[in-house]
Ligand code: TMP
């Protein structure tokens with residue numbers, strides 16, 4: 152199963168990914184945790200290019216292509232081999248982030264992103280996507296507490312409003328695979344709302360192991 156985790160800045164993805172991975176491991180499901188942009192040495196180098204500060208502004212198309220360059224490397228080097236072995240993959244962000252940030256945030260056309268998605272991923276799409284959703288004021292103040300902000304985290308509030316709205320639109324459009332969690336709640340409540348989603352994954356594991 153290919154599971155992706157999405158959401159704006161400071162919504163608590165990392166803590167909850169560790170929680171989900173633990174719960175799946177307890178159920179004897181072998182899963183790897185990885186992230187985008189990044190996930191292989193070369194893809195992590197591309198991440199550095201994307202997130203570090205520089206004097207030269209990165210053009211929107213360059214940013215988009217670097218996201219997909221990193222993704223192509225990650226798919227070939229990590230995601231496809233893991234899925235081929237029968238392992239589950241939990242990926243911290245994937246192409247929905249490109250629709251939300253480069254599409255919703257930067258204003259690049261959905262058609263352009265869809266073309267690259269098809270070209271780079273062919274048939275590969277997530278089976279389940281968990282969206283951690285919170286008002287941007289909540290997420291931004293948590294992200295600020297983590298320390299220095301990276302190039303994208305320093306965008307204006309309007310950028311993150313557009314990112315959030317795009318995520319919510321994607322969750323509605325792909326309601327078959329999206330599960331939305333209210334990330335503005337306490338950690339205990341967020342983890343409680345993850346329970347039915349984790350139960351659904353474990354059920355899928357049993358179904359898939361029988362076929
Ligand atoms: P992270 O902070 O969740 O690791 O994500 C790194 C940043 O990269 C985050 O600000 C979101 C951004 N991003 C995009 O803009 N487009 C993408 O396709 C991905 C995967 C991430």
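Numbering (the working numbering), first residue to last: 152 to 362.
For every residue, glycine included, the Cβ atom is placed at its ideal position computed from N, Cα and C.
Given the structure is predicted, the values throughout are model-derived calculations rather than measurements.
{"Item": "Helix, strand or coil at residue 181 according to DSSP, with G and I counted as helix", "Value": "coil"}
{"Item": "Residues near residue 181 in its chain [Cβ-Cβ closer than 6 Å; skip 5 each side]", "Value": "238"}
{"Item": "Residues near residue 131 in its chain [Cβ-Cβ closer than 6 Å; skip 5 each side]", "Value": "What the structure shows of the chain is the stretch from 152 to 362, and residue 131 is not part of that stretch, so it cannot be assessed."}
{"Item": "Where the alpha helix (DSSP H) through residue 158 begins and ends", "Value": "Note, residue 158: premise wrong, no alpha helix (DSSP H); beta strand (DSSP E) at 153–158."}
{"Item": "Minimum length 4: unbroken alpha helix (DSSP H) runs contained in the segment 197–233", "Value": "211–225"}
{"Item": "Burial state of residue 203, where buried means 16 or more other Cβ atoms lie within 10 Å", "Value": "exposed"}
{"Item": "For residue 283, the first and last residue of its enclosing beta strand (DSSP E)", "Value": "279–284"}
{"Item": "Paired residues, beta bridge with residue 332 - DSSP", "Value": "283"}
{"Item": "Minimum length 4: unbroken alpha helix (DSSP H) runs contained in the segment 243–275", "Value": "261–272"}
{"Item": "Local Cβ density within 10 Å of residue 313, reported as buried at 16 or more and exposed below that", "Value": "buried"}
{"Item": "Cross-strand partners of residue 240 (DSSP beta bridge)", "Value": "153, 183"}
{"Item": "Classification of residue 277 by the beta-carbon crowding that lies within 10 angstroms, buried from 16 upward", "Value": "buried"}
{"Item": "Neighbourhood of residue 342 by C-beta, 8 Å cutoff - its chain only, sequence neighbours within 5 removed", "Value": "167, 170"}
{"Item": "Close Cβ partners of residue 183 (< 8 Å) along its chain, the five nearest in sequence each way excluded", "Value": "229, 233, 238, 239, 240, 241"}
{"Item": "Whole-angstrom distance between residue 199 and residue 155, CA atom to CA atom", "Value": "21 Å"}
{"Item": "Cβ distance (whole Å) where residue 290 is taken to contact residue 160 below 8 Å", "Value": "5 Å"}
{"Item": "Distance between residue 294 and residue 300 (C-alpha atoms, nearest Å)", "Value": "8 Å"}
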